[in-house]
Each structure stands twice: as C-alpha cells, then as structure tokens.
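Everything below concerns the one structure shown next.
In the working numbering, the protein residues as written are 70 to 523.
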C-alpha cells in the first residue's frame, strides 16, 4: 500500500455487465438495431464500484454491503476478492444486476434484473463502522444505509453519496454529493429544463440546512461540481471536457473525495481533486473500460504502472502510444527484440496479453505453460514495457478500442492482408505495422526442445 488512509465503504453493491458489439442493421420484425458479436465485460457496480476504485487508488478498503449466494453475488465476490475485504449483509432476493447493451461503445438499451435488498445489519458491520477512521456511504436505495442508520448517526461519515430511492444522509455528514437532478429532487424543486448554476446553487444551499451537513457538492457532469456550505457556492470546473462514457463518474467522484478527506484534505481540496479524477475517469472510458484494461490480480498490477495512468501521462504530453500483443507464454529473444523495437516507435509501450482462458482456446490443452500473473510480472520487468493490459477474448479488438493506441505492432509472422486489427486502427487514425521476429525463435520450439531433453 501507499500509506494512504484506509476507507470503509457502506452501501448497496451491484453487478454491472456490458454487452458491446456492432449494429449495422435493423431487425426485420421491429425498427430496433441488431447488436451482433457482443463481447461481455463484468465489473463491480454501485457501492462495490466506489470501493473497488478506492482500492485501485492504493487504499486498504473494506466494503459493507448486502451480498447473497445467488450467481450474481458469487460473481461480484470473485471480482472484489483480490482487492478488498467484504463484510456481507444478508440479502433478500438476488443481487441487482444492470446490463448495458452497446454498439461500438454507445449505449443502445439497459436491462435490469434482481431486486435484492439488505435485510438487516450484523454485529460485524456495526463494529466495522464504529472502528473505521473514515466512512463513505454509497446509497443506491437498496437498504444498506437504512439498516445501519443508527450506528452511522453516532459515527457520521465523511462522504454520503445519496440516491432518490434511499433515505437522507445522517446529520453531521461532512460532505454530501448528489448529482444535479438529484439535488433538485431532494430540495423539492422541479427538474430543471435548463441547467442553470443558480438553481443548483439554491438547491445545494437548501440541502446543507435540510440535511444538517457540513457541505454539499452538486456534481454537474462536464461542468464540474458546485460546492456549498450554505452560502455563496464555489464552482470547481472540470479541467477538460470529454464526450466519452460517463458511467461510474459519480462513484469515482465520491471515492476520490472520501479518500482525500481521509488523508486530511480540506473539503474544497477534496472536491477539486474529485472533479479532476472524475474528469480523467470519463476521458479514459469510464467504468466500461475498467476491467478490460487491467483484469489481473492486485499483486500483478502493483508490479507496474497502471494502464490508464500511463496513457493519461503520455497523451497529456502529446506523445505517441504504442501497443503490441501476444500470449508471451515462454518469453524468448524473439519476443524481447519485437518489444524493444516497438517501444522505439513511440513514447510508451502497452503490451496486450491473452488471458489464460484465451491462450487455452488458441493453443490447446496444456497451454499456457506460464500462468497469467507470471507472464505479466515477467513482461513488466522488461525496461521497454510501460504497462500490461489483459484481454479474455480470442483477439484484442475490444481492448484496442479502449486503449486507442497510435501504433499497433504485430510480429512478422502475419502478412498485411491478414492483419485483422488494421481496419480498426484506422477508425481513430492509428496505424498497424509489422515488425520482423528473430528467425527460428518461438515458444513452441522451446517447449519441444525442452521435452526432448527430458
């Protein structure tokens, strides 16, 4: 860990799923798009996303949330297990799932299922709140905050991220973070047809008094956030505007603000930092890009720079992002030569690696010889590699659409005619190139020679 203060997140966990494909035609029986060749991505949602993001910041995180024994709960537990401690509360019904159907990254529709709510508090959850130095409540209206309201009232949280279906934050909460339309609703105002700062400011000031909160920060999307202590507000503008997917930006804002307050920042500093973090989060693809960019264990990620941080740093300096891909089952001189040459083409090199399941489908039973975490660790040890991203599909097109590298490198065992990623790179002005391998080097030959020597 980095010495950052630990954080307890209390709230309602969800399982989020994206089905992303392409839509090139309408269905013959209704004027709706047909989304084909969908790749599936799972990720934590709701309070679980806020906790996951805080853990990815390098914090020790504990999540108190309703989690059952249904398939969605088990999948969510698997996603969270490497990153944080989970204190489950009994759940009535199945965990809520939210599925977005997207066509080339643009939402087409959303499917919701599972109506589980937190049934009751537990002694373990109450004890965790009493002992926690810093608490974030991420209320999605599914009962967790209400079940623990008594103990939260005695230990007011640093940040409360409210939901219209949930109850009000407990008095004494240091910072409450409603979205703009939520703030209007909480303040009893009609939804604003025109987004005016003065109406948001009035809502924020009213809510400070109504909730008896230290401050209210109304998040305004691309305009930043409006911070009020009950009088003249402070506008914290977004440092830049992105047209990318905003999914999860509110959770990124709340997790960052809570973490900064836990580290000793003033409220104004925490809100400014949260605006910056949420803006960068949206620019990097939002929650939809999370699991595709780093679907490896916490230990493996901590061995090298985070992918998003590398991309943000290089692009801020107007540098060139290079990506290369492969299984890298047994790293050999041909691999190293290719990666060194690729790195010389730009200002950073992100290596896209097949997951164990992907390698197995491509190479057959018995592969990979080297498991994913070891392959990632070895690649990160190379001086020419800046970051590693993992993909679970047979080919890396979806991951490349998230990374959007300027240059995509493949080994010379391909020809220009059968390089499938070339057309994809052209969509954002990138270029696919071939580099020669060192002659006679391959993982398969190494394994054959090793087997013959036994």
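Cβ coordinates follow ideal geometry from the N, Cα and C atoms, glycine included.
Q.
Quick check: what's the CA-CA separation for residue 76 versus residue 406?
A. Along the chain shown, one-based indexing puts residue 76 at 7. Along the chain shown, one-based indexing puts residue 406 at 337. Approximately 44 Å between the Cα atoms of the pair.
Q | Beta-carbon proximity list for residue 491, same chain, < 7 Å, skipping 5 on both sides | A | Taking the chain shown and counting its residues from 1, the one referred to as residue 491 is at position 422. Here the set comprises 501.
Q) With DSSP run on the structure shown, which of helix, strand or coil describes residue 92? A) As a position in the chain shown, residue 92 is number 23, starting the count at 1. It is a strand residue.
Q) What does DSSP give as the partner residues of residue 304 in its beta bridges? A) For the purposes of this step, residue 304 is taken as the residue at position 235 of the chain shown. DSSP output for residue 304 lists 295 as bridge partner(s).
Q) If we count the other Cβ atoms within 10 Å of its Cβ and call it buried at 16 or more, is residue 180 buried or exposed? A) Residue numbering aside, residue 180 sits at position 111 when the chain shown is read from its first letter. Classification of residue 180: exposed, given that the 10 Å Cβ count is below 16.
Q. Start and end of the alpha helix (DSSP H) containing residue 320?
A. Indexing the chain shown from 1 puts residue 320 at position 251. Segment 318-331, the alpha helix (DSSP H) holding residue 320.
Q: Measure the alpha-carbon distance for residue 191 versus residue 131 and round it to whole angstroms.
A: As a first step, residue 191 is located in the chain shown; it is residue number 122 there, counting from the start. As a first step, residue 131 is located in the chain shown; it is residue number 62 there, counting from the start. The straight-line gap from Cα to Cα measures roughly 15 Å.
Q. So, residue 331 versus residue 119, is the Cβ gap smaller than 8 Å?
A. Translated into positions along the chain shown, residue 331 becomes position 262. Translated into positions along the chain shown, residue 119 becomes position 50. No, these two residues do not count as a Cβ contact at 8 Å.
Q. Straight-line CA distance for residue 278 to residue 418?
A. Taking the chain shown and counting its residues from 1, the one referred to as residue 278 is at position 209. Taking the chain shown and counting its residues from 1, the one referred to as residue 418 is at position 349. The straight-line gap from Cα to Cα measures roughly 51 Å.
Q: Can you tell me the Cβ-Cβ gap for residue 84 and residue 164, rounded? I've got them flagged as a contact below 8 Å.
A: Position 15 of the chain shown, counting from 1, holds the residue named residue 84. Position 95 of the chain shown, counting from 1, holds the residue named residue 164. About 6 Å separates the two Cβ atoms, so the contact holds.
Q) What separation, rounded to the nearest whole angstrom, lies between the Cα atoms of residue 453 and residue 287? A) The residue labelled residue 453 in the question sits at position 384 within the chain shown. The residue labelled residue 287 in the question sits at position 218 within the chain shown. Approximately 43 Å between the Cα atoms of the pair.
Q) Between the beta-carbon of residue 228 and the beta-carbon of residue 244, is there less than 8 Å? A) On the chain shown, position 159 is the one that residue 228 refers to. On the chain shown, position 175 is the one that residue 244 refers to. Going by C-beta atoms, residue 228 is nearer than 8 Å to residue 244.
Q. If you draw a straight line from the C-alpha of residue 184 to the C-alpha of residue 231, how long is it?
A. Position 115 of the chain shown, counted from the first residue, corresponds to residue 184. Position 162 of the chain shown, counted from the first residue, corresponds to residue 231. Whole-angstrom Cα-Cα distance: 19 Å.
Q: Report buried or exposed for residue 142, applying the criterion of at least 16 other Cβ atoms within 10 angstroms of its Cβ.
A: Mapped onto the chain shown, residue 142 falls at position 73. Looking at its Cβ environment, which holds 16 or more other Cβ atoms inside 10 Å, residue 142 is buried.
(Q) As a quick exercise: from 341, 396 and 169, pick the residue whose alpha carbon is nearest that of residue 429. (A) Taking the first residue of the chain shown as position 1, residue 429 is located at position 360. Out of 341, 396 and 169, 396 has the C-alpha closest to the C-alpha of residue 429.
Q | Of the residues 404, 451, 458 and 411, the one placed nearest residue 424, counting alpha carbons only | A | Position 355 of the chain shown, counted from the first residue, corresponds to residue 424. That would be 458, whose Cα lies nearest to the Cα of residue 424.
Q. When DSSP builds the beta bridges, which residues end up paired with residue 229?
A. Against the chain shown, residue 229 aligns to sequence position 160. Partner(s): 206 and 245.
Q: Decide if residue 404 is buried, meaning its Cβ has at least 16 other Cβ atoms within 10 Å, or exposed.
A: Residue mapping note: residue 404 aligns to position 335 of the chain shown, counting from 1. Label assigned to residue 404: buried.
(Q) Spatial neighbours of residue 383 within its chain, please: C-beta separation below 6 Å, excluding the five flanking residues on both sides. (A) Numbered from 1 along the chain shown, position 314 holds the residue referred to as residue 383. If we look at residue 383 and ignore the five residues flanking it on each side, its Cβ neighbours are 390, 416 and 417.
Q: Just tell me which of 266, 102 and 98 has its CA closest to the CA of residue 172.
A: Position 103 of the chain shown, counted from the first residue, corresponds to residue 172. Checking every option, the nearest Cα to that of residue 172 belongs to 102.
Q | Cβ separation of residue 447 and residue 400, assumed to be a contact under 8 Å, to the nearest whole Å | A | On the chain shown, residue 447 is found 378 positions in, with the first residue counted as 1. On the chain shown, residue 400 is found 331 positions in, with the first residue counted as 1. Right, the Cβ-Cβ distance comes to about 5 Å (below 8 Å), so this counts as a contact.
Q. Just how far apart, CA to CA, sit residue 472 and residue 379?
A. What you label residue 472 is simply residue 403 of the chain shown in a count that begins at 1. What you label residue 379 is simply residue 310 of the chain shown in a count that begins at 1. About 11 Å.
**Q.** Between the CA atoms of residue 154 and residue 393 - distance to the nearest angstrom
**A.** As a first step, residue 393 is located in the chain shown; it is residue number 324 there, counting from the start. As a first step, residue 154 is located in the chain shown; it is residue number 85 there, counting from the start. Between residue 393 and residue 154, the C-alpha separation is close to 34 Å.
**Q.** Where residue 254 falls: helix, strand or coil (DSSP)
**A.** For the purposes of this step, residue 254 is taken as residue 185 along the chain shown, with counting starting at 1. Looking at residue 254 - three-state DSSP - the assignment turns out to be helix.
Q. Just the Cα atoms here: how many angstroms apart are residue 149 and residue 96?
A. For the purposes of this step, residue 149 is taken as the residue at position 80 of the chain shown. For the purposes of this step, residue 96 is taken as the residue at position 27 of the chain shown. Roughly 38 Å separates the two Cα atoms.
Q. Cα separation between residue 170 and residue 195?
A. Looking up residue 170 in the chain shown gives position 101. Looking up residue 195 in the chain shown gives position 126. Taking the straight line joining both Cα atoms gives about 38 Å.
Q | Own chain residues within Cβ distance below 7 Å of residue 122, not counting five before or after | A | Position 53 of the chain shown holds residue 122. If we look at residue 122 and ignore the five residues flanking it on each side, its Cβ neighbours are 320, 321 and 324.
Q: Go through its chain and collect everything with a Cβ distance to residue 414's Cβ below 6 Å, but skip five positions before and after it.
A: Here residue 414 corresponds to residue number 345 of the chain shown, with the count starting at 1. Contacts found: 391 and 476.
Q. From the beta carbon of residue 251, is the nearest beta carbon of chain C less than 8 Å away?
A. This model lacks chain C altogether; it includes just one protein chain.
Q.
Please report the distance separating the alpha-carbon of residue 133 from that of residue 216.
A. If you number the chain shown from 1, residue 133 lands on position 64. If you number the chain shown from 1, residue 216 lands on position 147. Using only the alpha carbons, I get a separation of about 11 Å.
Q: Please name the residue, chosen from 284, 450 and 289, that lies closest to residue 297 on a Cα-to-Cα basis.
A: One-based indexing of the chain shown puts residue 297 at position 228. The shortest C-alpha separation from residue 297 is found at 284.
Q: Return the Cβ separation of residue 259 and residue 273 in integer angstroms, given the expectation that the two are a contact with Cβ distance under 8 Å.
A: On the chain shown, residue 259 is found 190 positions in, with the first residue counted as 1. On the chain shown, residue 273 is found 204 positions in, with the first residue counted as 1. Wrong, their Cβ atoms sit about 16 Å apart, outside the cutoff.
Q. Does DSSP put residue 505 in a helix, a strand or coil?
A. Start at 1 with the first residue of the chain shown, and residue 505 comes out as number 436. Reduced to three states, the DSSP call for residue 505 is coil.
Q: Decide if residue 17 is buried, meaning its Cβ has at least 16 other Cβ atoms within 10 Å, or exposed.
A: No answer is possible for residue 17: it lies beyond the span of the chain, which begins at 70 and ends at 523.
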